[in-house]
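S.K.: Please find one structure pasted underneath; my questions will follow.
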């Protein structure tokens, strides 16, 4: 029997490893979020109701059913590379708005934005404006490698928008390669 065998320890050491700092941008990038507050973001009453900051991350803490609770930067950007880490807790439907690229087609007529979708079930990487094309303005869709993101895990999306050309990476893999809008 081995139940009552004694155990001895000696020379026990530990080195504590501190977690890396959050919201520190890579070289050449500017942080849009400081991990502490909404400085640099437009805060409508609906945004204040739907979003919070927890453990250095922006978090939507309820299902957002109505338009208007979208986070927007105060500063506007034209040509840029945007990197964002995100995770979804379960089946999800969200996205990143980028400037309008198809005149007369967009999520909102007044803004004519494009949305890069962050959806579960193979929808990550789709572009929203292509769902709303009128029959007389059909445009060839970009070739997209659709992704079904793993739930509960942080992923990185990198969007590059220069002029009318969009490229996208998901966790370092190209999923849209230099698509030029008409």
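Residue numbers (the numbering used here): 47 to 228. For each residue, glycine too, the CB sits at the ideal point set by N, CA and C.
1) Is it true that the CB of residue 142 sits closer than 8 Å to the CB of residue 205?
2) Classify residue 75 as buried or exposed, calling it buried when 16 or more other Cβ atoms lie within 10 Å of its own Cβ.
3) In the structure shown, what three-state DSSP assignment does residue 175 receive?
4) Could you tell me whether the Cβ atoms of residue 133 and residue 201 are closer together than 8 Å?
5) Whose CA, out of 208, 191 and 159, lies closest to the CA of residue 177?
6) Where does the unbroken alpha helix (DSSP H) through residue 51 begin, and where does it stop?
7) So the beta strand (DSSP E) residue 165 belongs to, where does it begin and stop?
8) Going straight from the alpha carbon of residue 165 to that of residue 63, what length do you get?
9) Using DSSP bridges, identify the partner residues of residue 139.
M.R.: By the coordinates alone:
1) yes
2) Residue environment for residue 75: exposed (fewer than 16 other C-beta atoms within 10 angstroms of its C-beta).
3) DSSP places residue 175 in the helix class (H, G or I) of the three-state scheme.
4) A distance below 8 Å separates the beta carbons of residue 133 and residue 201.
5) 159
6) Unbroken run through residue 51: none, as it is neither H nor E.
7) 160-165
8) 34 Å
9) 165
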